[in-house]
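Engineer:
Number of protein chains: 2
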Amino acid sequence: MAKVLVAEDEERIRNIVVDYLLKDGHKCLTAEDGVDALTILKNNPVDIMILDIMMPHIDGFSVCKIAREMSNIPIIILTAKNDEVDKLKGYRFGADDYMTKPFSPKVLSAKVQALLRRAHSITLQNAVKAGKIALMPTARTVFVDGMKIELTHKEFELLYFFMINQEQVFSREQLLNRIWGYDFGGNTRTVDTHIKTLRQKLGTEGSSIVTLIRSGYKFEVKNE
Amino acid sequence: MAKVLVAEDEERIRNIVVDYLLKDGHKCLTAEDGVDALTILKNNPVDIMILDIMMPHIDGFSVCKIAREMSNIPIIILTAKNDEVDKLKGYRFGADDYMTKPFSPKVLSAKVQALLRRAHSITLQNAVKAGKIALMPTARTVFVDGMKIELTHKEFELLYFFMINQEQVFSREQLLNRIWGYDFGGNTRTVDTHIKTLRQKLGTEGSSIVTLIRSGYKFEVKNE
DNA sequence: TAGTCATTTTCAAATAATTTAAAACTTAAA
DNA sequence: TTTAAGTTTTAAATTATTTGAAAATGACTA
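Taken in order, these protein sequences are the chains called G and D.
The opening position of the first sequence corresponds to residue 428 in our numbering, with each subsequent residue numbered one higher.
The opening position of the second sequence corresponds to residue 428 in our numbering, with each subsequent residue numbered one higher.
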């Protein structure tokens with residue numbers, strides 16, 4: 428029972444996909460072009476996206492790339508091309524899976540299940556660990572070297588985001604988009620301040636959040 | 428850099444897969460039959476499994492099912508059958524993805540990346556490699572001969588540009604236009620300085636950046 | 001509803017690092 | 001050998017980040 432965004436310009440195909448997903452008990456949102464898709468994505472808590480490549484206005488690859496800036500949801504690319512180059516392009520832009528037309532709706536629905544299962548198992552996971560830091564999402568608690576530390580909401584969100592996206596650099600803008608929300612109008616430097624307090628509370632492990640001047644911040648596990 | 432278990436009885440195919448994964452910087456464990464696969468799985472911290480269906484002793488579906496009881500790792504099923512029923516069976520047993528032989532090793536490697544990203548958020552995605560140099564765009568890190576080196580923003584940009592445009596000569600003006608931006612008003616010699624520091628940090632691999640007098644610079648892989 | 005407290009955001013000074021430019025030095029080509 | 005071009009060094013200029021403190025916001029309680 429997930430919210431699925433189906434971005435596909437051909438009505439016939441869209442309907443087939445939607446029918447199948449509804450039968451599986453999912454809720455569907457539909458978009459007829461790339462602009463539509465991005466708008467919906469911004470304004471709705473979508474769990475997974477099925478994305479056609481050949482669409483008017485903005486093509487699927489670009490949608491994929493932009494979507495990745497604001498969310499981590501699974502993306503299945505759906506297209507007529509069976510080109511290897513295209514497949515690799517899709518993966519490079521952050522897609523999770525790739526299906527070529529004509530496709531079996533049953534297999535599509537199985538893929539959706541598999542991805543949702545995986546996405547959920549991460550978010551509901553008992554603990555995320557990195558070096559001496561252990562974070563329990565459900566309990567919203569964090570331990571550093573066995574000692575519990577108290578974090579504010581934003582600090583927690585920030586640390587959680589970093590821990591499930593280790594070794595990836597994020598610009599301040601990206602962090603604002605992903606943690607504060609795309610519509611945060613405020614100052615970019617806000618991120619710095621939260622990084623500061625978070626580092627402070629993490630103590631010796633604070634250095635796991637590394638600054639990349641002119642690029643942003645990333646979380647990396649310290650090798651002892 | 429994940430630990431991948433490749434369970435496949437045909438040696439030829441196993442080798443192709445392993446070769447590709449090693450090239451991507453992963454570590455590989457191999458199993459020749461289902462029993463083997465389960466034993467290895469029990470005794471090693473495996474990050475992802477590539478699983479053939481038709482194997483001696485215990486078939487892939489059963490391995491998949493049993494594996495799911497003990498761990499949550501991503502599983503890619505690899506098989507000769509392109510049967511829809513089989514695909515669905517794989518998904519039902521908890522597989523994350525499905526590939527049919529003959530397959531493209533590149534696409535397999537992309538699928539591995541995509542699943543690892545989702546499962547662990549290890550992003551080695553799109554690592555660019557040349558000789559002993561490996562560059563990870565998303566992590567903004569560079570390894571020379573397995574050792575991490577620290578680059579400034581401009582150095583990184585420059586190296587990245589060279590590595591995705593190997594064997595091509597660029598004049599200082601071209602480099603300024605492409606990396607600094609067309610509106611950079613400054614001195615052409617600025618490029619030299621950055622080339623110098625970059626070469627220094629690359630150590631023995633510094634000579635990969637070759638000077639072409641009166642023409643500019645190019646990046647070429649050294650033949651060892 | 002006003003007051004209090006914790007959290008979040010903004011701001012500006014201090015600090016740190018990177019980038020640039022200019023001059024001195026080396027090497028390669030004519 | 002002379003000249004042109006590339007490299008290195010150094011220091012100045014620029015740009016980013018960190019920090020500490022104050023202002024704003026929001027949630028809770030009396």
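Glycine is no exception: its CB is placed at the ideal position from the N, C-alpha and C atoms.
Since we're looking at a predicted model, the values are computed, not measured.
Would a check of beta-carbon distances place Pro501(G) closer than 9 Å to chain D?
Structural biologist: So, interface residue.
Engineer: Less than 7 Å between C-beta atoms, sequence neighbours within five positions excluded: which residues of the same chain meet that for Pro532(D)?
Structural biologist: Contacts found: Ile443, Val444, Tyr447.
Engineer: When we look at the beta-carbon of Thr550(D) and count the other beta-carbons within 10 Å, is it buried (16 or more) or exposed?
Structural biologist: Reliability of the predicted coordinates at Thr550(D) is poor, the pLDDT of 49 falling under 50, and no value is obtained from them.
Engineer: Contact between the segment 624 to 632 of chain G and the segment 578 to 588 of chain G: three or more CB pairs below 8 Å?
Structural biologist: Segments in contact, yes.
Engineer: What does DSSP give as the partner residues of Ile560(G) in its beta bridges?
Structural biologist: In the DSSP output, where bridge partners are listed per residue, Ile560(G) has Ala557(G), Val571(G).
Engineer: Taking Cβ positions only, does Lys538(D) come closer than 9 Å to chain G?
Structural biologist: Closer than 9 Å to some Cβ of chain G, the Cβ of Lys538(D) qualifies, so yes.
Engineer: Kindly list the residues whose CB is nearer than 7 Å to the CB of Leu562(G), restricted to its own chain and excluding five residues on each side of it in sequence; keep chain order.
Structural biologist: Same-chain partners within the cutoff: Ala554, Val555, Val569, Leu586, Tyr587, Met590.
Engineer: Are the beta-carbon atoms of Phe520(D) and Phe488(D) separated by less than 9 Å?
Structural biologist: Yes; because the gap between Cβ atoms is below 9 Å, this pair is in contact.
Engineer: Tell me where the alpha helix (DSSP H) around Lys514(D) begins and ends.
Structural biologist: Lys514(D) -> alpha helix (DSSP H) spans 511 to 519.
Engineer: With a threshold of 9 Å between beta carbons, is Arg519(G) in contact with chain D?
Structural biologist: It does; some Cβ of chain D falls within 9 Å.
Engineer: Quick one: does Thr550(D) have its CB under 9 Å from some CB of chain G?
Structural biologist: For Thr550(D), the predicted model reports a pLDDT of 49, less than 50, meaning its position is unreliable; a value from the coordinates is still stated below. So, interface residue.
Engineer: Among the residues of its own chain, which have a CB less than 7 Å from the CB of Arg441(G), if the five just before and after it don't count?
Structural biologist: The answer, listed in chain order, is Val433, Glu435, Thr457.
Engineer: Buried or exposed: which applies to Ser635(D), given that a residue is buried once 16 or more other Cβ atoms fall within 10 Å of its Cβ?
Structural biologist: Classification for Ser635(D): buried.
Engineer: Using a beta-carbon distance below 9 Å, is Glu647(G) in contact with chain D?
Structural biologist: Cβ-Cβ to chain D under 9 Å: yes for Glu647(G).
Engineer: From Thr617(G) to Thr466(G), what does the alpha carbon distance come to, in whole angstroms?
Structural biologist: Cα-Cα distance, rounded: 26 Å.
Engineer: Consult DSSP for Val445(G) and reduce its assignment to one of helix, strand or coil.
Structural biologist: Correct three-state label for Val445(G): helix.
Engineer: Could you check which residue in Asp460(G), His484(G), Leu543(G) has the C-alpha nearest to that of Asp474(G)?
Structural biologist: Of the listed residues, the one whose Cα sits closest to Asp474(G) is Leu543(G).
Engineer: For the beta strand (DSSP E) that Ile502(D) lies in, which residues bound it at each end?
Structural biologist: Segment 502 to 506, the beta strand (DSSP E) holding Ile502(D).
Engineer: Alpha carbon to alpha carbon, how far is Glu496(G) from Gln540(D)? Give it in angstroms, no decimals.
Structural biologist: Each residue's alpha carbon lies about 18 Å from the other.
Engineer: Whole angstroms are fine: how far does the CA of Glu437(G) sit from the CA of Met482(G)?
Structural biologist: If I take the Cα positions, the gap works out to 9 Å.
Engineer: Considering only their Cβ atoms, is the gap separating Arg545(G) from Arg545(D) smaller than 9 Å?
Structural biologist: Yes.
Engineer: Among Lys538(D), Gly517(D), Phe597(D), Asp524(D), which one has its Cα closest to the Cα of Arg641(D)?
Structural biologist: The option with the nearest alpha carbon to Arg641(D) is Phe597(D).
Engineer: Between the Cα of Thr565(G) and the Cα atoms of Phe646(G), Glu511(G), Phe583(G), Lys528(G), which residue gives the shortest distance?
Structural biologist: Residue Phe583(G) is the option with its Cα nearest to Thr565(G).
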